[in-house]
Every structure is written in structure tokens, then in C-alpha cells.
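This report concerns only the one structure given below.
2 protein chains.
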Amino acid sequence: MADFANYTPGEYAKEHIRITPTTLADGRDFFYLDDDPEYVSGAKTRELKDPRPLAYRFAPHLDADGNEVPYAAPQMRRDPLTGDWIPMATARMNRPITAGPGATAKGNPLAARKPGDPYQDGEVPDTDYNVVVFENRFPSMVRVPGEDDSTKFVNGNQLWEQKPAAGRCEVICFDPNEDGLPADLPVSRLRTVVEAWAFRTAEISKMDGIEQIFPFENHGAEIGVSLAHPHGQVYCYPFIAPKMEKELQHTEAYHEKTGGNLLKDIMNAELEAEERVIMRNHSWVAYVPAAARWPLEVHVAPVRDVLTLDQLNDDERWDLASMYSHLLKRGNAFFDKGDGKGMDLPYIAAWHQAPIHDPRRENYRLNLQFFSFRRAANKIKYLAGSESGMAAWISDTTPELIAKRFHELGDVDIAD
Amino acid sequence: MADFANYTPGEYAKEHIRITPTTLADGRDFFYLDDDPEYVSGAKTRELKDPRPLAYRFAPHLDADGNEVPYAAPQMRRDPLTGDWIPMATARMNRPITAGPGATAKGNPLAARKPGDPYQDGEVPDTDYNVVVFENRFPSMVRVPGEDDSTKFVNGNQLWEQKPAAGRCEVICFDPNEDGLPADLPVSRLRTVVEAWAFRTAEISKMDGIEQIFPFENHGAEIGVSLAHPHGQVYCYPFIAPKMEKELQHTEAYHEKTGGNLLKDIMNAELEAEERVIMRNHSWVAYVPAAARWPLEVHVAPVRDVLTLDQLNDDERWDLASMYSHLLKRGNAFFDKGDGKGMDLPYIAAWHQAPIHDPRRENYRLNLQFFSFRRAANKIKYLAGSESGMAAWISDTTPELIAKRFHELGDVDIAD
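So, in C-alpha cells, the structure goes:
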């Protein structure tokens with residue numbers, strides 16, 4: 001159970017958010033983040049016992065022939081042609097020995113447990129919650145206790161390095177209402193989600209072997225999200241992800257050349273240019289980047305120099321919750337079928353924070369990259385040959401046209 | 001009209017493929033590549049006149065207020081955070097002044113013209129064809145005659161470089177039968193498609209400002225292909241695409257370290273490891289790469305050291321047509337609904353060839369990267385947060401499992 005050694009809540013969180021840790025039946029970490037005053041004050045306590053008869057998650061499993069085999073730790077291989085590490089889903093081959101009730105997920109596993117039902121398939125022990133965070137049941141990256149962490153070579157050939165994908169995958173449920181949209185959540189609930197991002201960043205930063213912590217949100221069936229329940233994820237890579245590596249190369253080269261911080265200078269340049277800035281408050285600036293690659297793309301940068309989510313102060317966390325709420329609402333209004341009602345926007349919200357150990361981290365700067373595949377009310381941008389095959393994005397619009405649409409929806413400025 | 005100064009057909013093509021150039025009504029280049037003996041012998045000639053009343057493609061256009069404005073050359077901007085050039089679809093804002101018949105595409109523009117119909121919307125002047133290649137009518141990259149090619153700065157800020165996206169986009173129709181699948185085409189027709197790839201590579205390599213020629217095929221409604229007609233494209237970038245840049249960095253570093261060619265050594269290592277090799281003939285080797293990132297991925301490498309498609313000799317072109325045919329058929333058999341019939345596989349076939357001017361080209365090597373988003377008969381892999389936001393691919397399978405499925409479908413070896 002986590003001891004919170006690395007997490008220090010700010011004044012607001014100390015008074016208004018209570019974190020209760022527990023462990024799921026198969027051994028995974030689970031955290032309630034409560035903003036309900038009855039839980040915060042301690043007047044009510046949380047159900048901590050997961051009633052499911054799950055086997056320990058790293059226990060031996062049965063193979064296709066019914067033989068017991070050790071848990072297969074997920075592996076990753078380095079592509080010699082690009083240098084990218086590719087985690088491979090060997091862990092999905094692990095099937096539970098116990099095929100009893102609760103062994104196979106049915107229904108919505110992110111919902112609260114139904115009262116009186118001890119053996120449901122959900123991941124939440126209690127019958128209600130505010131925000132919860134827990135380790136993914138079928139992670140593509142996980143550190144298996146006692147596993148050999150050394151590099152091996154596929155077929156004994158040094159061209160092909162292989163190592164355990166000893167990362168971590170967590171799920172954050174934003175709200176117990178499974179039909180709610182993140183855009184419709186009260187700012188106070190989003191404030192708790194921001195606290196979850198900061199809390200997990202602080203704690204996971206101290207875990208062995210993690211190099212980059214990536215909180216993100218996939219939203220919409222159009223991008224393959226099967227669970228509509230409002231939730232996000234945290235991928236903790238045991239490497240620096242390729243996009244981050246490229247950004248670090250550019251922020252570092254810029255620092256060497258100018259002494260400045262590229263992300264800060266981009267934010268200031270957008271403020272000076274003005275036309276692509278779509279929202280501002282005391283702590284944050286949101287703009288359509290001058291070289292946007294998606295049909296809808298917004299970057300959100302902190303006004304103050306901040307490297308990671310856990311460095312945000314109370315005011316910045318509140319201002320972020322407020323801006324995130326505006327961003328999601330305006331995203332939903334952006335495309336329109338002609339009835340003025342907008343539409344539930346499919347989007348990806350990707351947190352870029354400074355990596356944990358890489359020395360180039362000092363010249364990076366926290367930023368959120370928010371984008372959508374939607375390019376019209378009835379059209380999706382597909383990542384076809386140029387994007388998927390050559391990583392060469394072709395934009396179907398211009399950053400100024402994206403910003404113009406946001407301006408039409410009404411500007412959100414410091415007063416908000 | 002092209003003079004073929006840079007294209008020298010081999011013995012086979014001289015006798016069996018005839019190329020007839022023409023110009024479409026709006027000024028675009030168009031080429032028939034005929035393998036029908038009557039056209040090759042000259043017994044029959046091609047219809048060269050495009051009957052559509054199209055305005056010259058770079059003529060002034062009307063803006064939203066009905067005012068005549070110069071043709072807007074497509075622009076590209078460099079993302080300061082990644083260094084990537086992003087072409088932006090300003091060219092799609094160009095609307096033809098003449099709104100007469102044929103000005104708006106309807107039906108299948110890749111079909112042959114209907115006999116007796118002079119004003120249809122298709123791109124092909126004749127009433128039948130074998131293989132045709134032509135410039136895309138609404139290109140995301142194109143060199144506009146007389147345009148100022150210099151770098152400008154967005155909002156006058158040196159962080160944001162902007163230049164004309166002076167590339168080239170071509171379309172290759174593989175066959176006149178609009179309902180045919182590339183997998184079902186005779187090898188002799190695919191041989192003509194290979195000739196088209198080589199021909200266009202040879203010619204476009206000599207055009208001003210092109211740095212990389214990328215023939216590819218998008219196949220399947222699942223990846224957004226709206227025209228089922230069997231066709232591919234050629235994107236000619238005025239820059240080196242991000243994925244190619246990364247591969248060049250790795251092939252060059254490998255050469256500096258070992259004196260060898262990375263792509264050749266990978267092919268030989270796969271041959272030695274054997275288990276992921278799924279097809280061989282005299283000129284080509286097809287294998288699932290040891291760090292495959294897609295649920296179905298096959299790389300095809302030439303046995304001989306070859307940099308670009310136009311360097312392939314006659315035997316290699318035939319052997320490629322044969323292997324491509326096998327690859328597509330086996331791809332369609334790979335996933336199965338349980339009826340043993342397979343399914344029309346959505347795929348991307350991406351040709352990686354040495355760039356045109358970059359000195360690192362000598363240590364690169366031609367290769368085809370073929371992959372699919374399909375991960376089961378009823379499942380698609382979506383590029384969500386990790387892939388789209390961080391360029392970190394998570395594989396849902398392993399290369400050995402992919403290869404195992406191909407082996408089940410029967411090996412294709414040199415004898416074939």
C-alpha cells in the first residue's frame with residue numbers, strides 16, 4: 001500500500017480532497033480520491049475489501065494445453081531501424097487459472113459496485129465514488145516482482161534488443177456517472193482529476209525504472225474507446241517515448257543556441273501574435289499552435305515555468321480545471337450538424353511533462369496537447385499512408401481557421 | 001509533356017509496356033502505361049484529348065465574396081517543437097471559376113470515360129485503359145509555376161518558418177475494373193504497376209525541389225479510403241519525411257559504427273533466424289520484422305543492393321510483381337470470420353526508398369513496409385493516446401505469432 005512519501009498535498013487538497021489507498025483482490029494498487037465532504041471529514045469511510053475471488057495477478061497461469069506456466073512478463077523490443085522500443089502484449093496471453101465469477105469482465109468495469117452484489121465484475125470495491133485511480137488489470141507494461149531486468153537479444157542477434165516492458169499502466173475514473181461526459185463535469189470534480197494527475201506523477205516518479213509519465217485521455221468511439229465511462233489513463237514508460245524524445249532534442253538544441261526555453265518562447269510568441277490564442281486565465285494560455293497538424297488542435301501552457309504536473313500550485317490546479325472544462329465544452333461546440341447543438345467531440349488529451357531522469361528535463365516545460373481526428377461534422381481524418389507510413393502529417397485546414405472557429409464560439413479571457 | 005529523358009525502360013518493358021503521355025484539360029500530366037498488345041504494337045492508339053472544360057489549374061479563382069484571387073499555392077510550416085514540416089491544405093480552398101459540367105467530381109473519377117459521353121467527371125480521357133498515372137487534381141503539395149520559393153516567417157516570428165509545399169502528388173490506377181481488388185489482379189498487370197513505380201521514380205527524381213518519392217497504397221474503407229477503385233498514390237515531398245529521417249539517422253550511424261548496411265544486415269539476420277521469413281524468391285525476401293509494431297506487418301527487401309525502385313532490373317520487377325500478388329492474397333486470408341474465406345484486408349503498403357539528394361542515401365536500401373490496422377476479423381487497432389500523442393506503438397501481438405499465421409497459410413519459397 002502506498003505511503004504517500006512523495007506526495008504533499010497543497011492547502012486546498014489537504015482540506016477538500018481525501019486519498020484512501022487500498023489493494024484489489026489480485027494485488028493491484030487502488031486509490032479513492034474523494035471530494036465529497038462526508039468522506040473528506042472522515043464521517044463516512046470507504047469500503048476497502050475487493051470481494052472478487054481473483055488470483056494474485058502475477059500467479060502462474062494455464063497455457064493452451066492446460067499446463068501451469070509462470071506469468072509471462074510483458075516484453076519490449078527495440079526496432080533497429082528507428083530506435084523505438086515496442087512493448088508487446090505478451091501479458092494478454094496470461095489467463096487466470098480461476099475461471100470463477102468475476103474472472104471475466106462483463107458490463108462496465110469502471111462502474112461502482114451494485115449494492116448487495118459481492119461478485120460483480122467492476123474494479124471499484126465501494127458502491128459509489130468520486131474519483132478513483134487503479135492499476136490496469138491487463139497492462140501492456142508492468143514491473144513483475146523478481147523479474148530479470150537485463151537486456152536479451154532476439155534469436156541471439158545483437159540487432160534485436162529485448163527487455164521486460166517494466167512500466168506501469170493506470171486508469172483514472174473521473175466520475176461515477178457512466179453516462180456523463182468529461183465536458184459536463186463540475187469544475188470541482190475536474191479539480192479532483194487534476195489532483196489525481198499530480199498525485200500519480202509525484203508517486204510514480206519515485207518508482208524504479210520509469211522514465212516518463214504520460215497522463216492522457218482517449219475520448220470517443222471513433223478512436224476505438226469501448227468504454228464510454230468518463231476516464232483517462234496514465235502510461236508510465238520505461239523509456240522516453242519517441243515524440244517526447246524528439247521534443248527534448250529540439251528544446252535542448254534551442255537552449256544551447258539561445259539560452260532560452262523553447263516551450264516558453266513559443267507560448268510568448270503566440271501571445272504576441274495573438275490571433276491563435278483562444279483562452280487565457282491567470283495561470284494558463286491555450287492556443288492553436290502555428291504548425292498545428294490535426295484538424296482541431298490546442299496546446300495549453302502554464303504561465304509560470306513548470307516541469308511536471310505535481311509542481312503546480314493550488315491556484316494553477318484550479319485554473320487548469322476551469323480551463324480544461326472550457327476547452328472540452330468548446331470542443332463539443334466546434335463542429336455542428338447545422339442545428340447549433342454541437343456534438344460529442346472525439347479527442348485525445350495528451351500531457352507532455354518533463355521526463356523523470358533525463359538531464360534535458362530542465363529545458364522542457366509542462367504542456368497539454370489536445371487534438372481531434374474529427375475534421376467536419378460528418379468526417380474523420382484517418383491516419384493513412386503519409387501519416388502512418390512516413391509520420392508526415394498533412395493538415396486539412398490551417399491553424400488560423402481553427403482559431404477563427406474558436407473565436408466565433410466566444411473568447412474566454414482572464415476574467416473567466 | 002514529359003520527354004522521358006530520365007527513364008530508360010528495360011528489355012521487357014521496351015517490348016511489352018508502352019507509355020503514352022498526355023496533358024489533362026487543366027494542365028496536369030497524365031500517362032497511359034499499356035500492356036495490351038494492340039496498344040503496345042501501335043495497332044491501336046490512345047485518346048489524348050480530355051474533353052472536359054476545365055480551367056487551367058493554376059488560374060485565378062473566386063473567393064467567398066466572388067472576387068477573383070490568385071491561385072493559393074499550398075504552404076507548409078515547420079513545427080518548432082519537432083522540426084517536422086506540416087503541409088497545409090490551402091490548395092483545397094481554390095475553387096474553379098467555371099462551374100460548368102465536369103467542374104465537380106461525381107461518381108468514380110478513376111473510371112474510364114463512358115463511350116459517347118464527352119463531359120463525364122472522370123480523369124481518364126479514353127474509354128478503357130490498363131494502368132494510368134496522373135497528377136492529383138487537388139494536391140496537398142504542388143509546385144506552382146513562378147511562385148516565390150523563399151522561406152517566410154508566420155507573424156514575422158523566426159520560430160515559425162513557412163514555405164510553399166512545392167511537392168507533387170500523383171495517382172496510379174492499377175486496373176480499369178473498379179470493383180477489382182489489387183490482390184486479384186494478374187501478375188502481369190501488377191508488373192505494369194511496378195513499371196509505373198519505377199518510371200515515376202526515375203522521372204520525378206530529376207524535378208526541382210523534390211527530396212523524397214513515396215509510392216504507397218491505402219486500401220480499405222476502414223482507413224478512410226473513399227474510392228474502392230484499385231489505385232495507389234505517389235507523394236513527392238519537398239523534405240525528408242520524419243519516419244525516413246529517423247531511419248536515415250539509424251542506417252547512417254550503423255554504417256559509421258560497423259561499415260555495414262543496416263537494412264541489408266537486418267534482412268540477412270532475418271534469413272538466419274528463419275522463423276519470421278514468410279516468403280522468398282530469387283530477388284526478394286519477405287519477413288515479419290523482429291520489432292513489428294502493427295498487428296500485421298511484413299517488410300519486403302531486395303536480395304541485391306538497390307536504393308530506389310528505378311534501379312530494379314527486369315527480373316527483380318517480375319519477382320516483385322509475383323511476391324506482391326502473393327502478399328496481398330495471403331493478407332486477405334490472414335484474418336478469418338470462421339468460414340475459411342478470409343476477408344478483404346485493409347492495408348497500407350509504403351515504399352521506403354533512398355532519398356534523392358541527401359548524402360546518407362548511399363547507406364540506405366529500398367524496402368517495402370506493408371501493414372494493417374486490422375487485429376482480428378472484427379477488430380481494428382486504433383491509433384489512440386500512446387501512438388497518436390507520443391508516437392509510442394504498443395503491439396497487440398508478437399512478430400512470431402504473426403509469422404506463425406503466415407506459415408499456417410502455406411510457405412511461399414523460391415520455387416514459386
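Going down the list, the sequences are from chains A and B. Every letter in the first sequence is one number past the one before it in UniProt numbering, and letter 406, counting from 1, is 406. Every letter in the second sequence is one number past the one before it in UniProt numbering, and letter 56, counting from 1, is 56. For glycine and all other residues, C-beta sits at the position ideal for the given N, C-alpha and C.
At a cut-off of 8 Å between beta-carbon atoms, G259/B makes no contact with chain A. L181/A has a beta carbon lying at 8 Å or more from every beta carbon in chain B. Taking all protein chains in view, the Cβ of Q162/A is crowded by 16 or more other Cβ atoms within 10 Å, so the residue is classified as buried. Proximity of F216/A to chain B, defined by a Cβ-Cβ separation below 8 Å, is satisfied. At least 8 Å separates the beta-carbon of I278/A from that of P238/A.
Residue-level contact check: W160/B touches chain A, since one or more beta carbons of chain A fall below 8 Å from its beta carbon. For T201/A, same chain residues with a beta-carbon under 6 Å away, outside a window of 5 residues either side, are I213, T308, L309 and D310 in chain order. Here M76/B is actually not in contact with T398/A; their C-beta atoms are around 11 Å apart, not less than 8 Å. Within the stretch 388-407 of chain B, contact with chain A at the beta-carbon level (separation under 7 Å) is assigned to S388, G389, M390, A391, A392, W393, I394, S395, D396, T397 and T398. Listed along the chain, the chain A residues whose CB falls inside 7 Å of the CB of A241/B are M390, A391 and A392.
For P242/B, the uninterrupted alpha helix (DSSP H) segment begins and ends at P242 to T258. Under DSSP, A349/B forms a beta bridge with E217/B and F370/B. Shown here, L296/B sits in a strand according to DSSP, grouped into three states.
For F406/A, the enclosing alpha helix (DSSP H) has its first and last residue at P399 to E408. With a threshold of 8 Å between beta carbons, A290/B makes contact with chain A.
With a threshold of 8 Å between beta carbons, D344/A makes no contact with chain B.
For D265/B, the enclosing alpha helix (DSSP H) begins and ends at L262 to A273. In this chain, E387/B is not harboured by any beta strand (DSSP E), its DSSP state being neither H nor E. Contact between the stretch 311-330 of chain A and the stretch 267-285 of chain A is present, with at least three C-beta pairs closer than 8 Å. At a cut-off of 8 Å between beta carbons, V298/A makes no contact with chain B. A straight-line Cα-Cα distance of about 27 Å links Y129/A and M141/A.
Here the stretch 186-199 of chain A makes contact with the stretch 9-23 of chain A; the two share three or more CB pairs at distances below 8 Å. H326/A carries a helical assignment under DSSP once its states are collapsed to helix, strand and coil. In the DSSP annotation of this structure, P53/A is not part of any beta strand (DSSP E), being labelled neither H nor E.
The alpha-carbon of I356/B is positioned some 54 Å away from that of V131/A. Put simply, the CB of K152/A is far from chain B, with every gap to its CB atoms at 8 Å or more. Beyond the five residues adjoining it in sequence on each side, G232/B comes within less than 6 Å, by CB distance, of I172 and E217 in the same chain, given in chain order. Of all C-beta pairs linking the stretch 32-46 of chain B to the stretch 327-334 of chain A, fewer than three are shorter than 8 Å, placing the two stretches out of contact. Using a Cβ distance threshold of 8 Å, A72/A and N157/B do not count as a contacting pair.
The alpha-carbon of W318/B is positioned some 39 Å away from that of K243/A. Listed along chain B, the residues sitting closer than 8 Å to N155/A by beta-carbon distance are A269, E272, A273, E275 and A290.
Where E15/B is concerned, the enclosing alpha helix (DSSP H) starts and stops at E11 to H16. Shown here, G107/B sits in coil according to DSSP, grouped into three states, outside any helix or strand. DSSP, read as helix, strand or coil, puts A290/A in coil. Its chain contains L307, A354 and P355 as the residues whose beta carbon lies nearer than 7 Å to that of R361/A, once the 5 sequence neighbours on both sides are disregarded; these appear in chain order. Of all residues in the stretch 114-129 of chain B, none comes within less than 8 Å of chain A when Cβ atoms are compared.
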